[in-house]
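J.: In full-length UniProt numbering, the protein residues as written are 1 to 365.
All residues carry an ideal CB built from backbone N, CA and C; glycine is no exception.
This is the structure I want to talk about, given as structure tokens.
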């Protein structure tokens, strides 16, 4: 693994120039600078004053700066925002309230229970002179009251969805739950952005990622089967069945078509605390099936935002993943050689409000 340090100042250089790179450290960290020849002062340790780098991860910062993603949300909001729109936003540190304000919404309430996100969004609101339009509420959705919303009914509910403590593709379920929880504060004709959500999956063959769950067997003449057994027992006890990984870093090919595990219409209050889904999907390409990748898509009318592939999936071809989201990975153990028309992928998902379990298996047709 490598690391990148972004220098505080950009320095223009030409071939043959000599520069001095100075490294500093204290008891906690390292930092670097290229001081000017005349400057003998020690460069102080860099600190974040904008709160972005304190409140948001690198992936989240990339997400906020994703032009294509932002353009899609703007397109969605343009379809629903009017001068009479009363909006409620329930994503952590989201820019959607500012977009809605610039599009002319009458009032926007945004929930920011996190101290850092609250202060960060407040600085954006102040800078854009939107204090009369945007009200930041430091509460969780479950603690919201009519007084917080100034006794108004919300007619536009906004989310990305993004939550700091959601690292797997379960934001879909959380927003589904919150939308139902907030129903008493919503008007009967409320518009929800995004309106639809899908939990999707595809069987894949990873080049290398599967090895983190693979047994070592023999190494340098040593039989490590007992070690493998211990690790596999520990994995079955302690590790989640679906892990979060940034799949753009790990090459893989699709060996099935992508398919929907779940579909939701957020305009309706259909939340269920428990349910099960099961089915099967045919294998479309020969190869080694060592995992199933999962992600979520969100849409309003014809505009869709994905946390998964950014190009259509083609079987037996590399998948190009979103760089600013993590996807879920279910490892098939042990990996299996598959052939179209001979094998299928069986799946079963059991949802509970406090836990969600998945089982995927390769079976003969």
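Give me the residue from 107, 64, 252, 149 with the minimum Cα distance to residue 316.
T.: 252
J.: Ends of the alpha helix (DSSP H) at residue 211?
T.: Counting along the chain, residue 211 falls outside any alpha helix (DSSP H), and DSSP gives it neither H nor E.
J.: For residue 246, which residues from the same chain have a beta carbon less than 6 Å from its beta carbon, with the 5 sequence-adjacent residues on both sides left out?
T.: 326
J.: When we look at the beta-carbon of residue 298 and count the other beta-carbons within 10 Å, is it buried (16 or more) or exposed?
T.: buried
J.: Classify residue 21: buried if its beta carbon has 16 or more other beta carbons within 10 angstroms, exposed otherwise.
T.: Residue 21 comes out exposed.
J.: Could you check if residue 19 is buried or exposed, using at least 16 other CB atoms within 10 Å of its CB as the buried criterion?
T.: exposed
J.: Which two residues bound the contiguous alpha helix (DSSP H) that contains residue 180?
T.: 171-181
J.: Please state whether the Cβ-Cβ distance between residue 88 and residue 157 is less than 8 Å.
T.: yes
J.: Taking the alpha helix (DSSP H) that residue 106 falls in, what are its first and last residues?
T.: Note, residue 106: premise wrong, no alpha helix (DSSP H); not H, not E.
J.: Kindly indicate which residue of 95, 84, 128 has the alpha-carbon position closest to the one of residue 152.
T.: 84
J.: Would you call residue 349 buried or exposed, if buried means 16 or more other Cβ atoms sit within 10 Å of its Cβ?
T.: buried
J.: For residue 119, name the three-state secondary structure that DSSP assigns.
T.: helix
J.: Measure the CB-CB distance between residue 150 and residue 161 and report whether it falls below 8 Å.
T.: no
J.: In this structure, does DSSP put residue 67 in helix, strand or coil?
T.: helix
J.: What three-state label does DSSP hand residue 76 in the structure shown?
T.: helix
J.: Helix, strand or coil for residue 99, going by three-state DSSP, please let me know.
T.: helix
J.: When DSSP builds the beta bridges, which residues end up paired with residue 218?
T.: Answer is 223, bridged to residue 218.
J.: Are the Cβ atoms of residue 93 and residue 33 separated by less than 8 Å?
T.: no
J.: Report all residues from its chain with a CB closer than 8 Å to the CB of residue 118; omit the five preceding and five following residues, and keep chain order.
T.: 112, 136, 138
J.: Tell me the DSSP secondary structure of residue 311 in three-state form.
T.: coil
J.: Relative to the C-alpha of residue 257, which residue among 102, 293, 17 is closest?
T.: For the residues 102, 293, 17, the minimum Cα distance to residue 257 belongs to 293.
J.: Using alpha carbons as the reference points, say which of 233, 178, 164, 115 lies closest to residue 141.
T.: Nearest C-alpha to residue 141 among 233, 178, 164, 115: 178.
J.: I'd like the list of long-range same chain contacts for residue 122, defined as Cβ closer than 7 Å, with 5 residues on each side in sequence excluded.
T.: 136
J.: Of all the beta strand (DSSP E) runs that stay within the bounds of the region 276-334, which reach a length of 3 or more residues?
T.: Those beta strand (DSSP E) runs which fall completely within the region 276-334 and span 3+ residues are 287-300, 303-306.
J.: Within 10 angstroms of its Cβ, does residue 28 collect 16 or more other Cβ (buried), or is it exposed?
T.: exposed
J.: Using the rule of at least 16 other Cβ atoms within 10 Å of the residue's Cβ for burial, across every protein chain shown, is residue 308 buried or exposed?
T.: buried
J.: Express the C-alpha separation of residue 347 and residue 173 in angstroms, rounding to a whole number.
T.: Rounded to whole angstroms, the separation of the alpha carbons of residue 347 and residue 173 is 18 Å.
J.: So for residue 167, helix, strand or coil by DSSP?
T.: coil
J.: Hey, would you say residue 319 sits closer than 8 Å to residue 290, going by beta carbons?
T.: no
J.: In this structure, does DSSP put residue 262 in helix, strand or coil?
T.: Residue state, collapsed to three classes: strand.
J.: From this set, 262, 30, 74, 225, which residue's C-alpha is nearest residue 276's C-alpha?
T.: For the residues 262, 30, 74, 225, the minimum Cα distance to residue 276 belongs to 262.
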